[in-house]
Amino acid sequence: MSVDGAAQRLKTEADEPGWEVDPDDDWGVAVVATVGRQLRLRREAVGLRAAEIGTATGYGEDLIYKIESGKRIPRPEFLDKADEVLGAGGLLSAMKEDVAKVRYPKKVRELATLEGRSVEIGVYECISINGLLQTPDHARALFEVRQPAYSPDEVERLVTARMARLSVFERSPAPSLSFVQEEATLRRRVGGTMVWRQQLEHLLEVGRMNSVALQVMPTQSEAHPGLSGRIELLKFEDGSAVGRSDGAFNGRPTHEPKQLRILELRYGTIRAQALPPGESLALIEQLLGET
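To convert, note that position 193 of the sequence shown is 200 in my numbering; the numbers rise steadily by one, no gaps.
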């Protein structure tokens, strides 16, 4: 590689978006600062300069300093290589899991934590297919049309974060999951016909799981309490719960029993008006047959 080519590669690595630390994410800032401090201490202990670590790992000296100062989220492969070069005995590599989580937006991490604790999840969606039901390609297509536009790296970071939430389906015992989707969200061909078909096929697969009740609200249905926006309800083993609705309580999460009862009443009414799970799956199969 030429000198100009190497310089351009290092500049790209240093300026690549999506690996900056969110200053409002206290936990993320602490994790990245700890990793950076350990990297610097190990480097100084073996008597290597930042430029030498950069050469050994394929990173620029400036990027090494940014990681050490906690201004940059290191890539997992960098931590593995740096651990090997510095003889850290697995200390740096062991931090990969927490570092990977830092790349997820704070709100996504918080939501995933709540979903991971829940014993019951109920969601009504009227605008798009719920994130827990999306395929990677469907999610990617949604992120790619956001304005202002995300960079390709940011899109992949967001897709990865959304897919990580799907571990809720793999828990044992499985939580009780119920979804009500407006029919219009199923008809919109997000990502093109092939991605749309794969999304519908995925809905059929998920909808047949024993722990999942997937319902469709027909477009021709009468007015119902969900017309004011999305509703989410999560219940936990200790009897507590949290809920949120676009059309209630300023859209903010609530733990208040009175407000939760209102959301439960609305969601229950929505489920009662939607097609039963069997008929809902039949409708999705019908949509697949229309192409």
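Built from N, CA and C at the ideal position, the CB exists for glycine as well.
> With 16 as the cutoff for other CB atoms within 10 Å, does residue 73 come out buried or exposed?
Replying inline: Within the sequence shown, the letter at position 66 stands for residue 73. Label assigned to residue 73: buried.
> Roughly how many whole angstroms lie between the Cα atoms of residue 70 and residue 194?
Replying inline: As a first step, residue 70 is located in the sequence shown; it is residue number 63 there, counting from the start. As a first step, residue 194 is located in the sequence shown; it is residue number 187 there, counting from the start. So the alpha carbons of these two residues sit roughly 46 Å apart.
>> Short of 8 Å in beta carbon distance, which residues of its chain neighbour residue 283, apart from the five on each side in sequence? Order them along the chain.
In response: Position 276 of the sequence shown, counted from the start, is the residue given in the question as residue 283. Short of 8 Å from the beta carbon of residue 283, and not among the five residues preceding or following it, lie these beta carbons of its own chain, in chain order: 222.
>> Assuming residue 239 and residue 130 are in contact, meaning their beta carbons sit under 8 Å apart, how far apart are those beta carbons, in whole angstroms?
In response: Mapped onto the sequence shown, residue 239 falls at position 232. Mapped onto the sequence shown, residue 130 falls at position 123. Indeed they touch by this definition, with Cβ atoms about 5 Å apart.
>> Going by DSSP, what residue range makes up the beta strand (DSSP E) through residue 220?
In response: Locating residue 220 in the sequence shown gives position 213, where the first residue counts as 1. Residues 219 to 224.
> With respect to the alpha helix (DSSP H) encompassing residue 293, which residues constitute its N-terminal and C-terminal limits?
Replying inline: The count along the sequence shown starts at 1 and reaches residue 293 at position 286. Counting along the chain, the unbroken alpha helix (DSSP H) around residue 293 starts and ends at 284 to 296.
> When you compare each of 93, 246, 249, 183 to residue 61 by their alpha carbons, which one comes out closest?
Replying inline: What you label residue 61 is simply residue 54 of the sequence shown in a count that begins at 1. Between residue 61 and the set 93, 246, 249, 183, the nearest pair of CA atoms involves 93.
> Does the pairing of the stretch 285 to 298 with the stretch 205 to 214 give three or more beta-carbon distances under 8 Å?
Replying inline: Cβ pair count under 8 Å is three or more, so yes.
>> Rounded to whole angstroms, what is the Cα-Cα separation between residue 280 and residue 232?
In response: As a working mapping, residue 280 is identified with position 273 in the sequence shown. As a working mapping, residue 232 is identified with position 225 in the sequence shown. The straight-line gap from Cα to Cα measures roughly 10 Å.
> Is it right to say residue 182 is buried, meaning 16 or more other beta carbons lie within 10 angstroms of its own, or is it exposed?
Replying inline: Along the sequence shown, one-based indexing puts residue 182 at 175. With 16 or more Cβ atoms within 10 Å of its Cβ, residue 182 is classed as buried.
> Between the beta-carbon of residue 57 and the beta-carbon of residue 50, is there less than 8 Å?
Replying inline: Taking the first residue of the sequence shown as 1, we reach residue 57 at position 50. Taking the first residue of the sequence shown as 1, we reach residue 50 at position 43. Taking 8 Å as the cut-off, the beta carbon of residue 57 is found closer than this to the beta carbon of residue 50.
>> Tell me the rounded alpha-carbon separation between residue 269 and residue 76.
In response: As a first step, residue 269 is located in the sequence shown; it is residue number 262 there, counting from the start. As a first step, residue 76 is located in the sequence shown; it is residue number 69 there, counting from the start. Rounded to whole angstroms, residue 269 to residue 76 spans 48 Å at the Cα level.
>> If contacts are defined as beta-carbon pairs under 8 Å, then residue 136 and residue 226 qualify, I think. What distance do you get, rounded to the angstrom?
In response: What you label residue 136 is simply residue 129 of the sequence shown in a count that begins at 1. What you label residue 226 is simply residue 219 of the sequence shown in a count that begins at 1. Between the beta-carbon of residue 136 and that of residue 226 there is about 15 Å, and that puts the pair past the 8 Å contact cut.
> Is it the case that the Cβ atoms of residue 250 and residue 133 are separated by a distance below 8 Å?
Replying inline: Position 243 of the sequence shown, counted from the start, is the residue given in the question as residue 250. Position 126 of the sequence shown, counted from the start, is the residue given in the question as residue 133. No, Cβ-Cβ distance for residue 250 and residue 133 is not below 8 Å.
> Between the C-alpha atoms of residue 295 and residue 204, what's the straight-line distance to the nearest angstrom?
Replying inline: By one-based count along the sequence shown, residue 295 stands at place 288. By one-based count along the sequence shown, residue 204 stands at place 197. The alpha-carbon atoms of residue 295 and residue 204 are separated by roughly 7 Å.
> With residue 139 and residue 175 assumed to form a contact (beta carbons below 8 Å), what rounded beta-carbon distance in angstroms separates them?
Replying inline: Locating residue 139 in the sequence shown gives position 132, counting from the first residue. Locating residue 175 in the sequence shown gives position 168, counting from the first residue. The beta carbons of residue 139 and residue 175 sit about 7 Å from each other, so the pair counts as a contact at 8 Å.
>> Rounded to whole angstroms, what is the Cα-Cα separation between residue 65 and residue 83?
In response: As a first step, residue 65 must be located in the sequence shown, where it is residue number 58. As a first step, residue 83 must be located in the sequence shown, where it is residue number 76. In this structure, the alpha-carbon of residue 65 lies about 13 Å from that of residue 83.
>> Is the beta carbon of residue 89 closer than 8 Å to that of residue 99?
In response: The residue labelled residue 99 in the question sits at position 92 within the sequence shown. The residue labelled residue 89 in the question sits at position 82 within the sequence shown. Contact flag set, yes.
>> Taking a contact to mean a Cβ-Cβ separation below 8 Å, would you say residue 119 touches residue 172 in this structure?
In response: The residue you call residue 119 lines up with position 112 of the sequence shown. The residue you call residue 172 lines up with position 165 of the sequence shown. With contacts defined as CB atoms closer than 8 Å, residue 119 and residue 172 qualify as a contacting pair.
> Can you give the Cα-Cα distance for residue 243 and residue 124, rounded to whole angstroms?
Replying inline: Here residue 243 refers to the residue found at position 236 when the sequence shown is read from its first residue. Here residue 124 refers to the residue found at position 117 when the sequence shown is read from its first residue. Distance between the alpha carbons of residue 243 and residue 124: 6 Å.
>> Taking only three categories from DSSP, how would you classify residue 265?
In response: Against the sequence shown, residue 265 aligns to sequence position 258. For residue 265, the secondary structure class from DSSP, reduced to helix, strand or coil, is helix.
>> Please report whether the beta-carbon of residue 73 lies at a distance below 8 Å from any beta-carbon of chain B.
In response: Absent here is chain B; the protein component of the structure consists of one chain.
> Since residue 80 and residue 26 are thought to touch, with beta carbons under 8 Å apart, how far apart are those beta carbons, to the nearest angstrom?
Replying inline: Here residue 80 refers to the residue found at position 73 of the sequence shown. Here residue 26 refers to the residue found at position 19 of the sequence shown. Separation of the CB atoms of residue 80 and residue 26 is rounded to 5 Å, and the pair is thereby assigned contact status at 8 Å.
>> Out of 149, 200, 286, which one is the CA nearest neighbour of residue 187?
In response: The residue you call residue 187 lines up with position 180 of the sequence shown. Here the closest residue by C-alpha is 286.
> Quick one: what does DSSP say residue 125 is sitting in, helix, strand or coil?
Replying inline: The residue given as residue 125 occupies position 118 in the sequence shown. If DSSP states are grouped into helix, strand and coil, residue 125 belongs with the strands.
>> Taking the beta carbon of residue 45 as the centre, do at least 16 other beta carbons fall within 10 Å, making it buried, or is it exposed?
In response: As a working note, residue 45 is residue 38 in the sequence shown. Burial call: buried.
> Taking C-beta to C-beta, are residue 108 and residue 116 nearer than 8 Å?
Replying inline: As a working mapping, residue 108 is identified with position 101 in the sequence shown. As a working mapping, residue 116 is identified with position 109 in the sequence shown. Yes, they are a contact pair.
> Expressed to the nearest angstrom, what Euclidean distance is found between the alpha-carbon atoms of residue 201 and residue 105?
Replying inline: Here residue 201 is taken as the residue at index 194 of the sequence shown, counted from 1. Here residue 105 is taken as the residue at index 98 of the sequence shown, counted from 1. If you take the alpha carbons of residue 201 and residue 105, they lie about 35 Å apart.
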